[in-house]
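Just below is one structure, and these are the notes that go with it.
Number of protein chains: 2
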Amino acid sequence: MNATRQALIDSMKELLWLRGYDATSPNQVLDHCGAGKGSFYHHFKGKKALAIEAMNARVDELIADFDLIFGSDLPWLNKFQQYLLQPRTGIKGCPMGRLVSDPSISDNELRTPIDRYFKHLLMHMSMTLSQAQQAEQLDENTSPVILAETVVSAIQGGFIISRALHDDQSVNSACLGVFSLLKGLARQAEPMAVAG
Amino acid sequence: MNATRQALIDSMKELLWLRGYDATSPNQVLDHCGAGKGSFYHHFKGKKALAIEAMNARVDELIADFDLIFGSDLPWLNKFQQYLLQPRTGIKGCPMGRLVSDPSISDNELRTPIDRYFKHLLMHMSMTLSQAQQAEQLDENTSPVILAETVVSAIQGGFIISRALHDDQSVNSACLGVFSLLKGLARQAEPMAVAG
DNA sequence: GTCTATACACCGATAGAC
DNA sequence: GTCTATCGGTGTATAGAC
């Protein structure tokens, strides 16, 4: 892979996190990585094409981190504990979540990587919760799908509060709060009933 | 109050919700309300000044709605029920929450109305929760401040998920989920009927 | 108070030399 | 593959007539 091409992707990845899509211009990307306009339009059809590659690279990164925890054989509650209690820098925002407010993201091609990221989180969290219910380790009155949505929302919303109040810690409070609520639903597995 | 001036504020309010701050240009505001450039810069120092007035007007509106519920004498859980189970149009996003991702919002003057909105929600929710604890109607193991942050985060994050998945209902699922979790912490010092 | 004309910077993209 | 020059369009704001 060409080094300039990779540098363009890396710079776009960084600037998307820092300023979002609409507010990031090709010129800013070029300044950031020291490339020239000619390289940009040689390697990519345009801003949108580069952004999609950069977003997909970021999603791969984030999903790999997520899978380290949710793909492990930790007990279900410990998975959520590890994921939710990771320290986050609230004001920076979520590299994916912050993009959805950009007007251009209503374009479906631009939205695809973001959709992929959140669908992955939601699906694997709700699978974990569903298995916990089957093992009688989780209260059965709440739907795993809705519960997963609530957890992901608490994280994303925590970033919003952090930026709104200019306070890096708000997101961590929100994550702690939703973890406490989740912990309240944990049940000790009871001995398996024997049919007959 | 001059009618043109008011029309400019109303149009900016609308466009801020629709497109955010950075992506809304003075020309778009003028097209939206039919005013001319001269009127704009006669009544307002510039885009930023108009946006601040429009944001403050929106916050007043949202806070009035919020206070209708949280300023009432409903039981604490019913307040959260009414507020959280209001149907929301997820893809439109929260008129305040969507603004925090705009790079320009790191400017403190622009952030002030947003800060005021969220501080109001958080303070009054945590007061309600604190009083519920004193009345022994709410589990005492979780901090009211953290719980309030979790509730507001679930709403805001729900909007993010809605926009990410292009699904109006995600935000309502997230709100339902956090309400269920909250309901699980209710204690019956006195008889309380709660549907849902 | 409102209008039109204008200024200047930056946007995303292209052309063509090397 | 990379560079510089340039394009048409738009953003924010100002000037000055009426």
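Residue numbers (our numbering), protein chains in the order written: chain A, 38 to 233; chain B, 38 to 233.
Heads up, the beta-carbon is just placed ideally off N, CA and C, and yes, glycines get one too.
If you're wondering where the values come from, they're calculated on a predicted model, not measured in any experiment.
Short CB-CB distance (under 8 Å) between F155 of chain B and chain A: yes
Close-in-space but distant-in-sequence residues of the same chain around S163 of chain A (CB under 6 Å, 5 per side omitted): P181, V182, A185
Between G221 of chain B and G127 of chain B, is the Cβ-Cβ spacing less than 8 Å? no
Residues in the same chain with beta-carbon distance under 6 Å from W113 of chain A, minus the five sequence neighbours each way, listed in chain order, please. T165, A169
Applying the criterion that 16 or more other CB atoms from any shown protein chain within 10 Å of the CB defines a buried residue, is N139 of chain B buried or exposed? This sequence places Asp at residue 139 of chain B; Asn is not what is there. That one is buried.
CB contact below 8 Å: I89 of chain B versus chain A: no
Beta carbon of I142 of chain A nearer than 8 Å to that of E90 of chain A: no
Own chain residues within Cβ distance below 8 Å of L159 of chain A, not counting five before or after: V182, A185, E186, V189
Residue ranges of each alpha helix (DSSP H) within the segment 99-177 of chain A, 4 or longer: 113-121, 145-171
Tell me the DSSP secondary structure of A91 of chain B in three-state form. helix
Answer with yes or no whether the minimum CB distance from L121 of chain A to chain B is below 8 Å. no
Between the segment 76-95 of chain B and the segment 66-82 of chain A, do at least 3 Cβ pairs fall closer than 8 Å? no
Strictly below 9 Å CB to CB, what residues from chain B border H203 of chain A? S143, N145, R148, D152
Determine the closest residue to A223 of chain A out of A:T179, A:D110, A:I106, with distance taken between C-alpha atoms. A:T179
Taking contact to mean 3 or more Cβ pairs, one atom from each stretch, closer than 8 Å, check whether the segment 202-221 of chain B and the segment 205-212 of chain A are in contact. no
Between the Cα of S199 of chain A and those of B:I106, B:K156, B:K84, spot the shortest distance and give me the residue it belongs to. B:K156
On the DSSP bridge assignment, give the partners of A226 of chain A in chain order. DSSP, once it has assigned bridges, lists no residue as partnering A226 of chain A.
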